[in-house]
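Residue numbers (UniProt numbering): 1 to 458.
We put the beta carbon where it would ideally sit given N, CA and C, even for glycine.
What follows is a set of notes on a single structure, which appears directly below.
Here's what the structure looks like:
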C-alpha cells in the first residue's frame, strides 16, 4: 500500500515506523528539515520538506498513486485542507485526519466532513480517544488495558498476574474445566518482554501480563478470578487540565456522580478556564510535582491518581510521588515509547500511550479484508483484530478443532446476531460472523488473508 503521511512529529513518526516495517511504500511530509532528515535516516521512508496541504508537495510525495493520506500535523486546518486537496486533485481513496479542536466535532456540524463538503473518511480525535480509554481504565481498575469490540459487547483486558493471583501455576486447560461457563479466553501472555499465544498446557506465571477476551457481562468476574476485585475509584486526582484532563473530569462528573474529583493545573489562566467548565470538581493551581499541592489535593487518600499533563517526566514523577504518599493506584499518560519499559518498576500501575491509540485507529484502514477494528499491543508485538467472515473464508463452515490455525493466532470470541459466543472445538463460524482474533505481529498478514475475498489461503 502506498501511503502519504503529513506530519513527522511523534505521532507521524510512529505511524511511519509501523507502516514502513510492514513493507508499505511510505512518504512523509513536514515543514521541518530536521524532522525529515531524522525520519529519513532512521526509517525506510521517503521524506519531503514542505507544507503538507500544498498540491506541489503532495504531488512530489506521490499523492497521485497513493492509497491513503494520513494528516497528523499539529494544526487541524492543515490536516483538513491536506485531505481536501488529496481528494479534489489526486482522488486519494482513503483520507485520515487528526482533528483536536472539539468545535469541529460537535454534532450539529456532523455534515462538515461528508463527501460533498470536506471529504475526510476517518477523523482521529486524540482527546476523545485517549479520554475514553482513561475512563475505561477507571471503570475497571483491575485491568491495565481495556479495549472494546463487537458493538462494545466484547472486551479485551490486560491483567497483571501478581503473587496473590489465584490462577498462577494453573494450566489454561484446567481453567476451562474449573470455570466452564466463564465467557472468557486467554489469548496472549506477555512474559519476559515477549508476547505469545499460550498453549492449553501452558500455565500462567507470577509477573505475566495476560490478555483475556471476555463477554462484557463477564469482565468483572474474570478480573475477580485473576485476583483483582478493586472497586471503581471514589476519589480521583487528575494532574493536568489540558484537553484530555478536562474531558476526563467532565465525563466523570456526568457518569459517576459519586466520584470526588480534584484537578491540578500549572497554568493559572487555564485553571480558571477549567474551573468555569466544571461543576463539581475542585481545581488547584500549582505543579503536580509540588508535594504541598499533592497534599492539598489529598493525593495520599485518593483511589487513583491520573497524570495527564503534556510532559511524560511530570506524569511519571507525579505518579511516583502520589504513590509514595499513599495513593492506591496510578495511571499515567506516556507519549515516549522509551518510558513504558520501566514504568512498572517505578510503581506506576498502568499507562496509556496516545500514539498507540492513534496507530491502532489507522491500522484498521490499512488492513485488507473485512476488518472492523484493530488494537495494537505492546508497541506492535501483536494485534487484536475484529473481522467479518465472508462465505469464502477458510474459517467458515468447519468446527474450530479441524481448522489448522497457524501458531501465533487465537480466536477470542465470535459475535453472531447480537450474541457473543465463546469459542470451543465444536463451534462452526458462519458467514457474516464477527470474529475477535489475537495475532502476533508476523501472523497479521495471514489474518488479513482469512477475511479477504479469496479461496486460496492455506
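Shown here for residue 275: same chain residues with a beta carbon closer than 6 Å to its own, the five before and five after excluded, namely 283 in chain order. Looking at the DSSP output, residue 377 sits in a beta bridge with 382. Between the beta-carbon of residue 421 and that of residue 399 there is about 13 Å, and that puts the pair past the 8 Å contact cut. The DSSP-derived three-state label of residue 102 is helix. In the three-state reduction of the DSSP assignment, residue 123 falls in the strand class. Check the Cα spacing between residue 329 and each of 349, 318, 337 and 149: the tightest is with 349. When secondary structure is reduced to three states using DSSP, residue 68 falls in the strand class. Residue 272 is classed as exposed because its beta carbon has fewer than 16 other beta carbons within 10 Å across all chains shown. Nearest neighbour of residue 14 by Cα position, chosen from 2, 43, 155 and 110, turns out to be 43. Residue range 312-325 is occupied by the alpha helix (DSSP H) that includes residue 318. About 5 Å separates the beta carbon of residue 374 from that of residue 360, a gap short enough to meet the 8 Å contact definition. Comparing alpha carbon positions, the residue from 90, 85 and 77 closest to residue 104 is 77. Scanning its chain for C-beta atoms nearer than 6 Å, with the 5 sequence neighbours on each side dropped, one finds around residue 436 the residues 149, 154, 213, 386, 412 and 413, in chain order. Distance check between residue 378 and each of 69, 81, 195 and 57 places 195 closest, using alpha-carbon atoms only.
Taking every protein chain shown into account, the CB of residue 363 has 16 or more other CB atoms within 10 angstroms, so this residue is buried. In the DSSP assignment, residue 247 falls within the unbroken alpha helix (DSSP H) covering 243-255. If you check the CB distance, residue 85 and residue 53 come in under 7 Å. Put simply, the backbone Cα of residue 137 is about 13 Å away from that of residue 160.
Straight through space, the alpha carbons of residue 397 and residue 248 are spaced by roughly 45 Å. Using a 10 angstroms sphere on the CB of residue 431, the tally of other CB atoms stays under 16, which defines it as exposed. A distance below 7 Å between beta-carbons, with the five flanking residues on each side excluded, links residue 45 to the following residues of its chain, in chain order: 16, 20, 26, 27, 28 and 39. If only complete runs of 4 or more residues are kept, the UniProt domain "RCK N-terminal" (1-124) shows the alpha helix (DSSP H) at 10-21, 33-42, 55-60 and 76-90, in order along the chain. In the structure shown, residue 285 adopts extended strand secondary structure according to DSSP, grouped into three states. Taking the Cα positions, residue 95 is about 9 Å away from residue 123. Sequence-distant partners of residue 342 (beyond 5 residues in either direction) whose C-beta falls short of 6 Å from its own C-beta are missing from its chain. In the DSSP secondary-structure assignment, residue 225 is not bridged to any residue. In this structure, residue 83 sits near residue 71, with a CB-CB distance shorter than 7 Å. Taking the C-beta atoms as reference points, residue 287 is found no nearer than 7 Å to residue 263. Cα atoms of residue 11 and residue 403: separation of roughly 38 Å, rounded to the nearest angstrom.
Contact between residue 332 and residue 316 holds, since their C-beta atoms are separated by about 6 Å, short of 8 Å.
Put simply, the backbone Cα of residue 198 is about 18 Å away from that of residue 222. Secondary structure at residue 333: strand, using DSSP grouped into helix, strand and coil. Contact between the segment 169-187 and the segment 240-259 is absent, with fewer than three C-beta pairs closer than 8 Å.
Burial of residue 228 is indicated by the presence of at least 16 other C-beta atoms within 10 angstroms of its C-beta.
For residue 357, same chain residues with a beta-carbon under 8 Å away, outside a window of 5 residues either side, are 126, 129, 130 and 133 in chain order. Residue 225 sits buried, since 16 or more C-beta atoms from the chains shown fall within 10 Å of its C-beta.
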